[in-house]
Each structure stands twice: as structure tokens, then as C-alpha cells.
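Note sheet for the following structure.
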Amino acid sequence: MEEGAGAGRHGTLGLAPLMPPRGPGPGTEAWGGGGRVARPRSAFVCAGCGHESARWMGRCPGCGEWNTMAVAPDPPAGGGAAAEPAVARLLRDVAPLEGERLASGVGEFDRVLGGGIVPGSLILLGGDPGVGKSTLLLQVAGRMGCGRPILYVSGEESVAQMRTRAERLGALAPHLLVAAESGTDRVEALCERHRPALAILDSVQTMRHPDCPLPPGSPVQIREVAAALLQLAKERGVPVVLVGHVTKAGLLAGPRLLEHAVDVVLLFEGERFSPFRILRALKNRFGSTQEIGVFAMEGAGLREVADPSQILLAERATGVPGSVVTVTLEGRRPLLCEVQALLAPPSFGTARRTAAGIETARLALLLAVLERRARLRCSHLDAYLKVAGGVRLEEPAADLACALALASALTDRPVPGDTAVCGELGLGGEVRGVPRLGERLAEARRLGFRRAVVPPGALAEAPSGLEIRAVRSVAEALSAVLGAGAAEL
Ligand code: TYD
Ligand code: MG
10 MEEGAGAGRH GTLGLAPLMP PRGPGPGTEA WGGGGRVARP RSAFVCAGCG
60 HESARWMGRC PGCGEWNTMA VAPDPPAGGG AAAEPAVARL LRDVAPLEGE
110 RLASGVGEFD RVLGGGIVPG SLILLGGDPG VGKSTLLLQV AGRMGCGRPI
160 LYVSGEESVA QMRTRAERLG ALAPHLLVAA ESGTDRVEAL CERHRPALAI
210 LDSVQTMRHP DCPLPPGSPV QIREVAAALL QLAKERGVPV VLVGHVTKAG
260 LLAGPRLLEH AVDVVLLFEG ERFSPFRILR ALKNRFGSTQ EIGVFAMEGA
310 GLREVADPSQ ILLAERATGV PGSVVTVTLE GRRPLLCEVQ ALLAPPSFGT
360 ARRTAAGIET ARLALLLAVL ERRARLRCSH LDAYLKVAGG VRLEEPAADL
410 ACALALASAL TDRPVPGDTA VCGELGLGGE VRGVPRLGER LAEARRLGFR
460 RAVVPPGALA EAPSGLEIRA VRSVAEALSA VLGAGAAEL
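Going by our numbering, the sequence shown opens with residue 10, and the numbers climb by one from there.
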């Protein structure tokens, strides 16, 4: 039956690609000629998604849009062969990139860029709506003191709204120019007239290229806008920061589409109810992607946070069962944060697992390891695990701290407040090594921690003044931290 269906499909729709496109056939110039094997050019292309087809269709099979198929443009004359022959040069004879980086005036922003803004670069700043992208860039625009104008073009807000926001942020600098525009041609004209040191465009979802009839935010429009801005950045040497909203409802495609076109992709992240915001580089042609910038959103805008660990631990109540401190790596920076656990009899029916800042599946896995490898009876209980301060713990190095927090909550025995815990847990209950433990332990020591529970073989990396307890298994960690018999309650 399946074969029959397959044959049917080939019998109808399968015919279309076999039909040659309009115009000359194989063997003639348009097909490549010269004995080269060339792919036949599609005669129609969808303006919405770029889907190619040999025949015209009212509805694009690629994106489902109506009336978007148009005659494909002709390829460049000469098949792209340049007049000059292609040459490769010895790499050591090539002059390195010249030009000073521009300091943005916001240290954490410069740090993530690798030491400032490179002239002529195109930077994409992505993030959820409302995370603080416009706030960050307006603060950058207000603080950048380079003696030349900074241009902030918004397609989302009026200039009066920008003025109000800038007043609130203390960013009402004399060199800051604003415009409420959305056409790339108009942005180009503004750059031509004012020759800014930096152009900020907020956002790519509201920008449009004058020759593209599709609505702003559609994939083709976004591609056209990016191409125009790339040209603006490279030809005039104006660095351009482009804002891109990332949303679950499909606009993700927008900024993601741009990633390969731009020089730098920055992501601004934060939990809705936490003031902390983390800026990280997903791609950086001019620097590392390991650096992060930490900010706190406050009434007067974003404040740079030089010592995030201290703030994350500031509200910690020591001596409470279920609370454990671990050292995670955010980019290159070690960050101390508190994991909290609570176990309670199920309110009704089956036990529930609820986690914030950590995957629920990982919580379930850790409970299973505790139950089977440390003989802690906990699978029948409701389990809650939370990372304080809105931090997301993704790396496995936090496993042991989470497991200890759960065990501490279950046994009602607190983990000593001067103890930091690092280690990955295997399904056999074994404790595994974590990368860059030395740096993590040094940070713990700096913040006043006196003891550390770590994987075996870590003694060499420990800073002085820190009492190291190396544990091979989760059961051993439980007895070391919570006392004798904790592993068999
Ligand atoms: P915004 O920069 O407009 O976000 P985005 O451009 O990423 O969409 O930030 C909006 C949020 O920031 C808004 O919910 C209010 C908050 N906010 C402050 O808490 N303090 C401030 O000084 C400003 C300007 C905004
Ligand atoms: Mg905004």
C-alpha cells in the first residue's frame, strides 16, 4: 500500500521538477556551457522564504504564503567570473587589522566585545523583549565619549519616548543624536550626513529595505536589511549595533538568520523576576566568546556588577537545611551561587518535581542517584530545587551541590555555611572531575569559604587556606558533609 502511495506521489507532483524551466535547454549558454556540469536554474523563487521552483505556483510550498512566487532574477553576467584572476597571498605578508577599538564607556559591554568596539563591525544584540536591550544601548550611547556623534535610530519608540528614557538613565549626552526611522536608505542618509562614531538600530524586526515589499520582520526582509547594514558598516567604517528580539513565537528565525552575516552576536539574558542580566558573546570575530558581562536592572537603568558572587550570596541564610553553595563557570568567570532544595510529602497523588534555574529532568536524575546509590528514600516525596538569584545552572559541575542540597533537605541537617561544593555525578554515584577547578576554588577562597568538597585528585589545584575534602562517591560526600549515617537514613 505504501508503494502504491509512493507511486501516486511520483506520478503527479514528481513531474514538476522534471520539466525544464522556460528558456533555453541543456547544452546552451544559459545552462552553464563549456562542458561544466551546472545545476539548472529555477525559473521562480519565493520572495518570502527563497524556495525555488521550476514552475509558478500561487502558494509557495516552502512557507505556505500566497502570491510570493516571482520570476527568479538573472545570475550576474559572466557567471561570477571576475576580470582579475584569483590570487592567494602568503598569510604572513598580509597586514593585520588596523584601528583602535572604541571604548563604549560601559566596561562590561567592552569586556564581552573583547576590549571595545571594532570600527566597521556589525554587532547583533539579541534577547527576549523587555530584557533591557534598548536600555543597555542607550546607556552605551550616552556614555561613549569619543567626541563624535552617536546615532540611535529606533523603529519602536518615538524620539520623545527616547528622551524620557535617556533622562531616567542619565544618558542625555550632548553628542547623542536620535531618529525614529525604519528604512535602511534613511539610516544610510543619516550616517552620510552626521558621520557618527557608532550607529545603533533598534530593532531589526522594525527595519525595512526600500526595495523589499515584504513586511518588516519577514526572513527575506531581515536578510536584505542585514546586507544593507553590512555594506554601511564595511564601506563607511561605521560600527553598527543591531537589536534583534528573540521570541518563542517564531521571530527567533530573524536573529538566527543573521548570525552568519554579522561579525559579533551578543545575547542579553535574564530571568523575568531577577534583576540580574548576563551579556554573553555567541560569536565574536574579534575576540573570545568566553567573557560575560553582568548587570543589575535597577530604577535608573543597568548597573554594572563587578562582583556578582558577592551579591548572589548576600541574602543567603546559613545553617538552613537544603542550602548549598557551588561555584559555576559563567563564560570564563567563576561565579558562586546558592542551590536550595526542599522535600515535602506529596500534596496529592504522585510526587512532583519542580525546578527553577535547572532542568527538571536533571532534578529527577539526581533524586534517582540519591535513592539508588546513597540509599536515601526520597522518590515518594515532592521535590523542589531552586538556584537563587535567577542564575541558570547548566553545567554538570553543579550536580554534587544539587544532590547535597536535596540530601540536606531530606535529613534536615544543614551543610556548614563555609563549605563550597563542586563535582559532576555519574549514574553510578561516582563523583567526576570538573574543568578549571583551581579557578573556582580560588574564587571560593576569596569570598571567605574555608572548606571545599571536590572530586578526587584535585588537591594540586587547591589554593592555600581552603580545607579540601575529596570524595569519590555521592555516599562519601554525604557522610563527609552531613555526618555519619546520613547516607542511609
Ligand atoms: P528595555 O530596554 O525596553 O527592553 P528591550 O529593549 O530588551 O525590549 O527594558 C524594558 C524593561 O526594563 C522594562 O520592563 C522596565 C525595565 N527598566 C528598569 O527596570 N529600569 C530602567 O531604568 C529602565 C529604562 C527599564
Ligand atoms: Mg527595546
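By construction, the Cβ of each residue, glycine as well, lies at the ideal position given by its N, Cα and C atoms.
Residue i to residue j span [Cα, whole Å]
i	j	result
E74	V149	40 Å
C72	C55	9 Å
G179	G435	51 Å
L134	S482	43 Å
I477	G246	53 Å
L261	H254	With a pLDDT of 47 at L261, under the threshold of 50, the modelled position of this residue cannot be trusted; read the value that follows with caution. Going by the C-alpha atoms only, they are around 7 Å apart.
G114	L145	11 Å
K395	L322	14 Å
R454	S473	8 Å
E307	E452	26 Å
E109	R195	28 Å
V462	R341	21 Å
D408	L374	10 Å
G226	P94	39 Å
Y393	P330	13 Å
I209	G59	28 Å
A360	C387	10 Å
A188	S163	6 Å
A81	L291	34 Å
T193	C200	10 Å
L266	G67	26 Å
T173	R152	17 Å
P30	A52	Because P30 carries a pLDDT of 39, less than 50, the predicted location of this residue cannot be relied on, and the following value inherits that uncertainty. Cα-Cα distance, rounded: 6 Å.
R286	P423	30 Å
W355	R325	According to the sequence as given, residue 355 is Pro; it is not Trp. Straight-line Cα distance between these residues: approximately 27 Å.
L487	I301	33 Å
V440	E485	9 Å
V250	E470	41 Å
M216	A236	12 Å
E368	S62	43 Å
P284	A305	5 Å
L27	W65	Its pLDDT being 34, under 50, L27 is placed unreliably in this model, and the value from its coordinates should be taken loosely. Cα to Cα, the separation comes out at about 14 Å.
A489	N293	44 Å
R117	V303	According to the sequence as given, residue 117 is Glu; it is not Arg. In a straight line, the C-alpha of E117 is about 7 Å away from that of V303.
Residue i Cβ short of 7 Å to the ligand TYD heavy atom set
i	result
E117	no
One or two residues paired with residue i in a DSSP bridge
i	result
C55	M78
D391	A353
L475	Its beta-bridge partners do not exist; DSSP assigns none.
C431	Bridge partners of C431: none, in fact.
A305	F285 and R312
T337	L344
T420	T420 is not bridged to any residue.
H254	G136
G192	R217
A461	A429 and I477
V274	L133 and K292
I159	L185 and L207
A365	K395
L111	I126
Any non-hydrogen atom of the ligand MG closer than 7 Å to residue i Cβ
i	result
E165	yes
D211	yes
Within-8 Å CB hit, residue i to chain D
i	result
S212	Here there is only one protein chain, and chain D is not present.
Any contact of the stretch 348-358 with the stretch 302-314, i.e. 3+ C-beta pairs under 8 Å?
no
Chain-ordered residues, beta carbon under 6 Å from a heavy atom of the ligand TYD:
G136, P138, G139, V140, G141, K142, S143, T144, R174, R177, L178, M306, G308, A309 and G310
Assess contact between the stretch 124-131 and the stretch 233-243, defined as three or more Cβ pairs (one per stretch) separated by less than 8 Å. Is contact present?
yes
Does the structure place the stretch 414-428 close enough to the stretch 364-379 that three or more beta carbon pairs sit under 8 Å?
yes
Taking three-plus beta-carbon pairs below 8 Å as touching, is the stretch 443-463 in contact with the stretch 327-340?
yes
Give a yes or no on contact between the stretch 426-434 and the stretch 384-403, applying the rule of three or more CB pairs nearer than 8 Å.
no
Contact between the stretch 159-171 and the stretch 204-212 is defined here as three or more beta-carbon pairs at a separation below 8 Å; is this criterion met?
yes
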